[in-house]
Amino acid sequence: LSSKGNSTKNNITPGNVKIKIADLPVHENGDKLQFVITATDENGESITGGVVIMKANGVTLKDANGKALQANVVNGVAILDYNITLGARTHDLTAVYAYTGYNRVEAKNTLNVTKGEIFIRYNPVIIKTAKTTVTADIVDKNKNHMYGNVTVGVKVDGKMVITSEAIEGLINVTIPTSFTKGVHNIEFIVGETGAFKSDRLTSVIIKE
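For the sequence shown, this note's numbering gives the first residue as 10, with consecutive numbering after it.
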């Protein structure tokens with residue numbers, strides 16, 4: 010006679026979680042905002058545990074260090090701080106929640122982003138040479154360098170002397186400065202992009 014032992018498998022059914030992205034007002038590019046995500050279990054009770062990541066248009070958002078934007082859920086809430094670096098349009102948001110013992114779940118919402126203001130920052134220079142490298146910064150309202158590349162024109166005494174490209178908010182151009190001694194007007198003209206408005210600044214350059 011032989012006997013065969015019976016084995017019993019314990020199947021644990023993952024729990025379900027409901028999450029929601031709080032509605033957001035219209036924001037300007039370069040703004041700092043907070044994504045607020047609430048998480049409750051099947052009984053409507055707040056959950057502590059698990060992680061939420063945020064996506065815009067299917068792409069995971071990144072923090073200032075280039076890492077995925079994420080936050081832990083504590084007492085039913087996850088808060089993610091984000092500095093907007095998106096184009097000016099309505100973006101589809103997705104929050105993704107994951108936690109051991111629970112089914113992965115997503116929530117949807119939208120974020121309307123308008124073009125951000127930019128500001129040119131330039132310190133007047135005193136020169137002596139026939140060619141001069143001129144630098145300036147392009148920053149948003151939070152004093153962060155604008156992201157991306159943009160066309161920049163530089164005029165001296167009303168005459169366009171160079172058209173170039175500013176990279177990641179940095180203007181660095183070499184211009185002819187063989188004009189007469191004295192104070193001369195210099196104007197920076199920054200074009201509009203898909204994320205930021207245009208700007209211009211008039212200042213001086215001094216030849217000794």
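All C-beta atoms in this analysis are idealised placements derived from N, C-alpha and C, irrespective of residue type, glycine included.
As the structure is a computational prediction, the values presented were derived from the model and not from experiment.
### Query
So, helix, strand or coil for Thr17, using DSSP?
Sequence index remark: in the sequence shown, residue 17 carries index 8 (1-based). Caution is warranted here: a pLDDT of 46 is assigned to Thr17, below 50, making its placement in the model unreliable, and no coordinate value can be reported.
### Message
Beta-carbon within less than 6 Å of Pro133's beta-carbon, same chain only, minus the 5 sequence neighbours each way: which residues are those?
### Response
In the sequence shown, residue 133 corresponds to position 124, counting from 1. Counting only Cβ-Cβ distances below 6 Å, and skipping sequence neighbours, we find Ser212, Val213.
### Task
Determine the DSSP secondary structure at Met155, reduced to helix, strand or coil.
As a first step, residue 155 must be located in the sequence shown, where it is residue number 146. Three-state DSSP puts Met155 in coil, outside helix and strand.
### Task
Would you mind reading off the limits of the beta strand (DSSP E) that contains Leu42?
Here the question's residue 42 lines up with position 33 in the sequence shown. 41-49 is the span of the beta strand (DSSP E), which, as asked, contains Leu42.
### Query
Smallest Cα separation from Thr94: which of Ala204, Val148, Lys137, Tyr111?
Taking the sequence shown and counting its residues from 1, the one referred to as residue 94 is at position 85. Thr94 has its Cα closest to that of Ala204, out of Ala204, Val148, Lys137, Tyr111.
### Message
Three or more C-beta pairs under 8 Å: does that hold for the stretch 169-188 against the stretch 134-150?
### Response
yes
### Task
Measure the alpha-carbon distance for Ile88 versus Ile46 and round it to whole angstroms.
By 1-based counting over the sequence shown, the position of residue 88 is 79. By 1-based counting over the sequence shown, the position of residue 46 is 37. Between Ile88 and Ile46, the C-alpha separation is close to 6 Å.
### Message
On the CB-based measure, 16 or more other CB atoms within 10 Å of its CB, does Asn74 come out buried or exposed?
### Response
Here residue 74 refers to the residue found at position 65 when the sequence shown is read from its first residue. It is exposed - the Cβ of Asn74 has fewer than 16 other Cβ atoms within 10 Å.
### Message
Taking the beta strand (DSSP E) that Glu174 belongs to, which residues open and close that run?
### Response
Residue 174 sits at position 165 when you count from the first residue of the sequence shown. Its beta strand (DSSP E) spans residues 168-176.
### Query
Do you know how far the Cα of Arg98 is from the Cα of Asn38?
On the sequence shown, position 29 is the one that residue 38 refers to. On the sequence shown, position 89 is the one that residue 98 refers to. Rounded to the nearest angstrom, the two C-alpha atoms are 10 Å apart.
### Query
Can you tell me whether DSSP reads Ile198 as helix, strand or coil?
Sequence index remark: in the sequence shown, residue 198 carries index 189 (1-based). Ile198: strand per DSSP, three-state reduction.
### Start-to-end residues for the beta strand (DSSP E) that takes in Tyr106
Walking along the sequence shown from the start, residue 106 turns up at place 97. Where Tyr106 is concerned, the enclosing beta strand (DSSP E) starts and stops at 99-107.
### Message
Just verifying my parser: in three-state terms, what is the DSSP assignment at Pro185?
### Response
Walking along the sequence shown from the start, residue 185 turns up at place 176. Strand at Pro185.
#### Entry: Alpha-carbon to alpha-carbon, Leu42 and Val165
As a working mapping, residue 165 is identified with position 156 in the sequence shown. As a working mapping, residue 42 is identified with position 33 in the sequence shown. In a straight line, the C-alpha of Val165 is about 40 Å away from that of Leu42.
### Message
Less than 8 Å between C-beta atoms, sequence neighbours within five positions excluded: which residues of the same chain meet that for Phe188?
### Response
Along the sequence shown, one-based indexing puts residue 188 at 179. If the five residues before and after Phe188 are omitted, its C-beta is found closer than 8 Å to the C-beta atoms of Val165, Asp166, Lys216, all from its own chain and listed in chain order.
#### Entry: Buried/exposed call for Met155, threshold 16 Cβ in 10 Å
Residue numbering aside, residue 155 sits at position 146 when the sequence shown is read from its first letter. With 16 or more Cβ atoms within 10 Å of its Cβ, Met155 is classed as buried.
### Message
Run through the DSSP bridge pairs and tell me what Asp146 is partnered with.
### Response
Within the sequence shown, residue 146 is the residue found at index 137, counting from 1. In DSSP, Asp146 forms a bridge with Arg130, Leu179.
### Task
Over the uninterrupted beta strand (DSSP E) stretch that includes Thr138, give me the two end residues.
One-based indexing of the sequence shown puts residue 138 at position 129. Run containing Thr138: none; DSSP gives neither H nor E here.
### Query
When you compare each of Asn151, Val114, Tyr131 to Gly125 by their alpha carbons, which one comes out closest?
Along the sequence shown, one-based indexing puts residue 125 at 116. Comparing Cα positions, the closest option is Asn151.
### Message
Among the candidates Ser55, Asn25, Asn66, Asn118, whose CA atom is the shortest distance from the CA of Ser96?
### Response
Locating residue 96 in the sequence shown gives position 87, counting from the first residue. Rather than Ser, the amino acid found at residue 96 in this sequence is Gly. Per the Cα distances, Asn66.
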